[in-house]
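Residue numbers (the working numbering), protein chains in the order written: chain A, 72 to 239; chain B, 72 to 239; chain C, -15 to 71; chain D, -15 to 71. Scroll down for the structure; my scribbles are underneath it.
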Amino acid sequence: MTISINCRIQTEDFSVTTEYQALQRPDCGAVVLFSGLVREHFAPIAPLSCENTSAGVDRLLALELEHYPGMTERSIIAIAQQAAARYDLRAVTIIHRIGVLPVHEQIVLVGIASPHRRDAFAACEMLMDFLKNEVPLWKKAHFQQSSAWVEAKASDKTALARWEQRPS
Amino acid sequence: MTISINCRIQTEDFSVTTEYQALQRPDCGAVVLFSGLVREHFAPIAPLSCENTSAGVDRLLALELEHYPGMTERSIIAIAQQAAARYDLRAVTIIHRIGVLPVHEQIVLVGIASPHRRDAFAACEMLMDFLKNEVPLWKKAHFQQSSAWVEAKASDKTALARWEQRPS
Amino acid sequence: MKASQDTAVLFFASLREAMKTPNLNLALENPVQVCELVQLIATQSAAYAAALAGRELLVAVNEQLVTQQCMVTPGDTVALFPPVTGG
Amino acid sequence: MKASQDTAVLFFASLREAMKTPNLNLALENPVQVCELVQLIATQSAAYAAALAGRELLVAVNEQLVTQQCMVTPGDTVALFPPVTGG
């Protein structure tokens, strides 16, 4: 069974349409896509309530993504291969953007094509958890008045642990 | 918090691009899309091996989707509301096609926009499990030489049970 | 004797094909259980009896999924169908 | 005395900003543990010591994540960075 793995780190935007079409396989009944976007109301540590944000508390303008050229690309291919070893996948696409990404911009795309939906869902969610914990990428939040590096969330580590408990 | 629920039963094809754009919300960092397609090598009961299929065993031409007009639409809205009551969702799109769908055609789309990826993934997967078990839709497989109604899979019932065990 | 009221019974998918009709109208006088209603249809013809026999059936009354023990009131719409396979 | 070989140490994200440089070259003569290498950098200046102190650091040696106890061989590329936050 061949599997096509397509991983890219890029500054330019990606097209969900193009990637969705490229993922399709005649023997795949399921395509799952995850798209991560820069949302408003982003708080680097403690979440701000909507009321505070709209009342003029420092507003997020953009996220800046830094990576480790070489290692980041290799890490992403490595996690794609781990997912492919664990689930019945036929195509995996991972695109992560770097540089300055204003609010509403697309940051990351994970796309999976599989004969069966459960494999596609599990692999997509696993890859997002691995991306959040194991790939050298760092976010800096640029607010109107200040900037701050985003701190790693405990909930992302917890999410990662799920994949260690499950049988492969 | 407002939530937009968009459910449709239709014979015509849908555009993942259009639905993806319609799902995006300024406060949503996560969009998860599931697209189900008519795959080759489809077997209504026991799976055929690829060897058999390519060796000329009865080949799938199309799936035909039957529904219960009125109840199907209401059931889909009901499951979307159940997902929205359980997870932090801002937009839900469910489109299910009916009629004759040749191989490679799109059958179903479930799209979720949420502030957080875990809610988006869980709701999307829950909705697919509910669609497979609780919504009046039936597939008939048209092969080159014969036709057969698709039988319900035990694995889909098992998948459904997961949502009963989890806390809401 | 009470006036009877038409109760529509709809069939879908493989059951519709086996029944060779998408629906029947039954003149019910009193409420009956779904399972009694199915028996009633089976007594109408050997073909119906054969179509309904030994088959896992789901039931909706007025577009709500119910059990075979649910009561059907004259005038209700009943739907009988095999386990669903959409998605 | 052995010839020393340049060992590149890269810094990323908040650590890069705190160190005020994206990299340093250390002339190592013998293999050292990562934690010893971090100590070595901290002794070079008070600013480096402050940047490295009390911070959760991840380490990659030749682009592979390793622990602080891992040995660094002269000529390796070491990267130090805070916990990742991509995705």
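Positions of the beta carbon are idealized from the N, C-alpha and C atoms, including for glycine. Predicted model, so just to flag it, every value in this text is computed and none were measured.
Look at the Cβ atom of residue i, then the Cβ atom of residue j, and state whether they are nearer than 7 Å.
{"i": "D:Val74", "j": "D:Val62", "result": "Only positions -15 to 71 of chain D appear in the structure, and residue 74 of chain D is not among them; the question remains open."}
{"i": "B:Ala194", "j": "B:Ala154", "result": "yes"}
{"i": "B:Glu137", "j": "B:Trp220", "result": "no"}
{"i": "D:Val(-7)", "j": "D:Leu8", "result": "yes"}
{"i": "A:Val103", "j": "A:Ala191", "result": "yes"}
{"i": "B:Gly170", "j": "B:Thr82", "result": "yes"}
{"i": "A:Cys99", "j": "A:Ala184", "result": "yes"}
{"i": "B:Lys211", "j": "B:Glu144", "result": "no"}
{"i": "B:Gly182", "j": "B:Leu94", "result": "yes"}
{"i": "A:Ala151", "j": "A:Ile165", "result": "yes"}
{"i": "C:Ala2", "j": "C:Phe65", "result": "no"}
{"i": "C:Leu36", "j": "C:Ala26", "result": "yes"}
{"i": "C:Ala11", "j": "C:Ser(-12)", "result": "yes"}
{"i": "A:His213", "j": "A:Leu132", "result": "yes"}
{"i": "D:Gln17", "j": "D:Gln48", "result": "no"}
{"i": "A:Gln215", "j": "A:Arg96", "result": "no"}
If you follow the beta strand (DSSP E) that residue i is in, where does it begin and where does it stop?
{"i": "D:Asn9", "result": "7 to 12"}
{"i": "B:Glu137", "result": "131 to 138"}
{"i": "C:Asn46", "result": "That residue, C:Asn46, is in no beta strand (DSSP E); it is neither H nor E in DSSP."}
{"i": "B:Thr88", "result": "Run containing B:Thr88: none in the beta strand (DSSP E); it sits in the alpha helix (DSSP H), 87 to 94."}
{"i": "D:Gln53", "result": "Element bounds for D:Gln53: n/a, residue is neither H nor E."}
{"i": "C:Ala(-2)", "result": "Per the sequence shown, residue -2 of chain C should be read as Ser rather than Ala. Taken as a continuous stretch (DSSP letters only), C:Ser(-2) belongs to no beta strand (DSSP E), being part of the alpha helix (DSSP H) at -3 to 3."}
In the DSSP output, what is residue i paired with across the bridge?
{"i": "A:Trp220", "result": "A:Lys211"}
{"i": "A:Ala251", "result": "Because chain A is modelled from 72 through 239, residue 251 of chain A falls outside the range shown and cannot be assessed."}
{"i": "D:Pro66", "result": "Note: D:Pro66 sits in no beta bridge, so no partner."}
{"i": "C:Gln(-11)", "result": "C:Leu12"}
{"i": "B:Pro173", "result": "B:Ala133"}
{"i": "A:Thr280", "result": "Lying before the first or after the last residue shown, residue 280 of chain A is absent from chain A, which here runs from 72 to 239."}
{"i": "D:Thr61", "result": "D:Ala(-8)"}
{"i": "A:Gly107", "result": "A:Val179, B:Ala101"}
{"i": "B:Arg168", "result": "B:Gln81"}
{"i": "A:Ile74", "result": "For A:Ile74, which the question treats as bridged, DSSP gives no partner whatsoever."}
Is it buried or exposed, residue i, if we count other Cβ atoms within 10 angstroms and call 16 or more buried?
{"i": "A:Thr89", "result": "exposed"}
{"i": "B:Pro186", "result": "buried"}
{"i": "D:Asn46", "result": "exposed"}
{"i": "D:Lys4", "result": "exposed"}
{"i": "B:Ala117", "result": "Unreliable placement is indicated for B:Ala117, whose pLDDT of 45 sits below 50; the coordinate value is still reported in the next sentence. Looking at its Cβ environment, which holds fewer than 16 other Cβ atoms inside 10 Å, B:Ala117 is exposed."}
{"i": "A:Asn204", "result": "buried"}
{"i": "A:Ser120", "result": "For A:Ser120, the predicted model reports a pLDDT of 43, less than 50, meaning its position is unreliable and no value from the coordinates is stated."}
{"i": "D:Gly70", "result": "buried"}
{"i": "A:His175", "result": "exposed"}
{"i": "A:Asp84", "result": "exposed"}
{"i": "D:Arg39", "result": "exposed"}
{"i": "B:Ser106", "result": "buried"}
{"i": "A:Asp200", "result": "buried"}
{"i": "C:Glu20", "result": "exposed"}
{"i": "B:Ala207", "result": "Here the sequence assigns Pro to residue 207 of chain B, which means Ala is not the residue at that position. Buried, by the Cβ-count rule."}
{"i": "B:Arg233", "result": "exposed"}
{"i": "B:Asn123", "result": "Caution applies to B:Asn123, whose pLDDT of 44 falls short of 50 and renders its modelled position unreliable; the model cannot decide the point."}
{"i": "A:Met72", "result": "exposed"}
{"i": "B:Glu196", "result": "buried"}
{"i": "B:Ala156", "result": "exposed"}
{"i": "B:Ala225", "result": "exposed"}
{"i": "A:Ser218", "result": "exposed"}
In terms of residues, what are the limits of the alpha helix (DSSP H) holding residue i?
{"i": "C:Val18", "result": "18 to 26"}
{"i": "A:Cys195", "result": "188 to 205"}
{"i": "A:Ile147", "result": "142 to 157"}
{"i": "C:Ala31", "result": "30 to 36"}
Can you confirm whether residue i, when its beta carbon is compared against all beta carbons of chain E, has any partner nearer than 7 Å?
{"i": "A:Ala223", "result": "The displayed structure is made up of protein chains A, B, C and D, and chain E is not among them."}
Within 7 Å of chain D by C-beta, residues of the stretch 171 to 191 of chain A in sequence order: Val179
Selection of the stretch 133 to 163 of chain A by Cβ proximity to chain D, strictly under 9 Å: Leu136, Glu137, His138, Tyr139, Gly141, Met142, Thr143, Arg145, Ser146
Selection of the stretch 32 to 48 of chain C by Cβ proximity to chain B, strictly under 7 Å: Ala44, Glu47
Interface residues of the stretch 103 to 114 of chain B facing chain A [CB-CB below 8 Å]: Val103, Leu104, Phe105, Ser106, Gly107, Leu108, Val109, Arg110, Glu111, His112, Phe113
Interfacial residues, the stretch 76 to 92 of chain B to chain A, with Cβ spacing under 8 Å: Val87, Thr88, Tyr91
Within 7 Å of chain A by C-beta, residues of the stretch 191 to 215 of chain B in sequence order: Phe192, Glu196, Met199
Interface positions of the stretch 50 to 71 of chain D facing chain A (Cβ-Cβ less than 9 Å), listed along the chain: Ala63, Phe65, Pro66, Pro67, Val68, Thr69, Gly70, Gly71
Residues, ordered as in the chain, of the stretch 224 to 235 of chain A that lie near chain B by beta-carbon distance below 9 Å: Ser226, Ala230
Selection of the stretch 18 to 32 of chain D by Cβ proximity to chain A, strictly under 7 Å: none
Members of the stretch -15 to 11 of chain D near chain A, C-beta cut-off 9 Å: Leu(-6), Phe(-4), Ala(-3), Ser(-2), Arg0, Glu1
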